[in-house]
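Read left to right, the sequence shown gives residues 1210 to 1646 (the numbering used here). Below is one structure, written out as structure tokens; the observations come after it.
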Amino acid sequence: MSVVWIGVDDTDSKKRGCTTYVGAQIIKRLESRGYSLSGYPKLVRLNPNCSYKTRGNAAISMMVEIENEDFEDVKDTVLGVVEEFSEMGEDETDPGVVFYKGDPPQILREFYWHTVRDISSIDLAMKIIREIGAEAFWWKTGRGVIGALAAIGVDLSKKKTYELIAYRRKEYWGAVRMIDEESVWEMDKATYPLTFDNVDKDSGEIRIAPHTPCPVLFGIRGLNPEILKKAYSMVKVYEPVEFYVIYETNQATDAHLQPVKICEAKDGVSAIIRGYVKTKPRFTVGGHVFFELEDETGKIHCAAYEPTKNFRHIVAQLEVGDEVIVYGAVKLKPQGLTVNLEKIEVLSLVDIFSVEPPLCDNCGRKMIKIYEEMYMCKECKTSSSTPILRKVQRTIRPGVYEVPPSARRHLSMPLALSRYYEHRQGTPNLIQSPNLP
Ligand SMILES: [Zn+2]
């Protein structure tokens, strides 16, 4: 017995299709031919900032146990499914499939980390494929080979989560999803934070179902397969579920983020930057909030965009001089490099003061402002340049703030999860199923 790793990417398009569904069909087809998976299939989110990405930028990988003579049959089976289920007619769909026999070498791990945090090229992917003796298949530009290779190299040793994805029967694709919302709230109550992002408490919406005409009925995210099965059993739906698959994933692990100095930040990379608020946050037309952040190496713009809703009002309370850590994707915008905020940690707050005219030494009346920092008593004509400063209570507190679930990146770790980990002083491995490989 040996194992073969299969990586698949970019079978979907912005409009429709779903890489996880192709993955699920591969699993079904392989199992029907007598093969079995070793461990859970992987759902791997890659750099969310690639300009050519589909909405979720997801790739799939899985490890299959084979006898050596079965390798050709496994390849034929997988490639057949990809051809059958990919959205080949769509411009942005560039499927890629990679096969690799044995355990992924270190260079694949490194390629994964590079692809989740930076932009990897087809050339680099092809070079590694040649070096390690993997086999790649692609249609059209071959861009899908990058994600397929990175998905095989996925490193979940530090943090991982799981997602249970339930798929619809084909005759229901495109129809409104009939999910009992009440049952989702009940499920959330019973399983949160071991499951997360089920609902958006601010907007009152349930979050488990997509709104696209794709084959996904709903997906539940959580920290172990057992809690997902329990949560799944609690969700009531009024259509038949075709089947479900539990994926092991890098979602909600912050795998895309890396600490950088401002001078090192570049377009397309997701960053963690510690610095001081340089300009007072301001709302712009369109409802976005912008401010500048400074560290010892430079300045960078930060943005909380309109879809981040209440998060913008937190950011707007910052004052010049506050010390913060910002988390988010760096993008080159007309105003310059801009961090699209996903989270912000407020470390320390400056004191702020209200400025009031002083009282007249002579008569005790409140003076009036005659021009910038110059006050005068209307009666006595005495003047002063020393206003009364009153400390103003800050409305924001030190702590970590995040965007609502509706605006969260797949890779972003929800605060509830960070707090859970801190509390447990460990990683989700601590509550991993004993059945796991
Ligand atoms: Zn006076």
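By construction, the Cβ of each residue, glycine as well, lies at the ideal position given by its N, Cα and C atoms.
- Distances taken from the Cβ of residue 1571 to the heavy atoms of ligand 1 include one shorter than 6 Å.
- Remark: fewer than three beta-carbon pairs, one from each stretch, lie closer than 8 Å, so the segment 1512–1525 and the segment 1449–1469 are not flagged as touching.
- CA-CA distance, residue 1620 to residue 1465, rounds to 7 Å.
- Three or more pairs of CB atoms, one per stretch, sit closer than 8 Å, so the segment 1367–1381 contacts the segment 1229–1239.
- Residue 1540 is bridged by DSSP to 1547.
- Using a C-beta cut-off of 8 Å, the segment 1541–1549 makes no contact with the segment 1557–1571, since fewer than three inter-stretch Cβ pairs fall below that distance.
- In the DSSP assignment, residue 1626 falls within the unbroken alpha helix (DSSP H) covering 1624–1633.
- Contact annotation: residue 1216 and residue 1432 have beta-carbon atoms that are not nearer than 7 Å.
- Counting of Cβ neighbours within 10 angstroms places residue 1396 among the buried residues, the total reaching 16 or more.
- When secondary structure is reduced to three states using DSSP, residue 1255 falls in the coil class, being assigned neither helix nor strand.
- Checking the 6 Å criterion, the Cβ of residue 1589 is within range of a heavy atom belonging to ligand 1.
- Between the segment 1240–1256 and the segment 1333–1345, the count of C-beta pairs closer than 8 Å stays below three; the two stretches do not touch.
- Collapsing the DSSP output to three states places residue 1218 in a strand.
- A heavy atom of ligand 1 is found nearer than 6 Å to the CB of residue 1574.
- Around the beta carbon of residue 1632, a 10 Å sphere encloses fewer than 16 other beta carbons of the protein chains shown; the residue is thus reported as exposed.
- Set against 6 Å, the gap from the CB of residue 1586 to the closest heavy atom of ligand 1 is smaller.
- Between residue 1429 and residue 1404, the C-beta spacing is below 7 Å.
- Excluding its 5 nearest sequence neighbours in each direction, residue 1490 has C-beta neighbours in its own chain below 6 Å: 1498, 1500, 1524, 1525, 1527, listed in chain order.
- In this structure residue 1385 is exposed. Its beta-carbon is surrounded by fewer than 16 other beta-carbon atoms within 10 angstroms.
- Three or more beta-carbon pairs separated by less than 8 Å are not found between the segment 1508–1518 and the segment 1587–1594, which leaves the two stretches without contact.
- Of the candidates 1277, 1295, 1237, the residue whose Cα lies closest to the Cα of residue 1271 is 1237.
- Pairing residue 1356 with residue 1476 gives a Cβ-Cβ distance that is not under 7 Å.
- Residue 1304 has its alpha-carbon roughly 20 Å from the corresponding atom of residue 1422.
- Taken atom to atom, the span from the alpha-carbon of residue 1449 to that of residue 1255 is near 31 Å.
- Contact between residue 1273 and residue 1244 holds, since their C-beta atoms are separated by about 5 Å, short of 8 Å.
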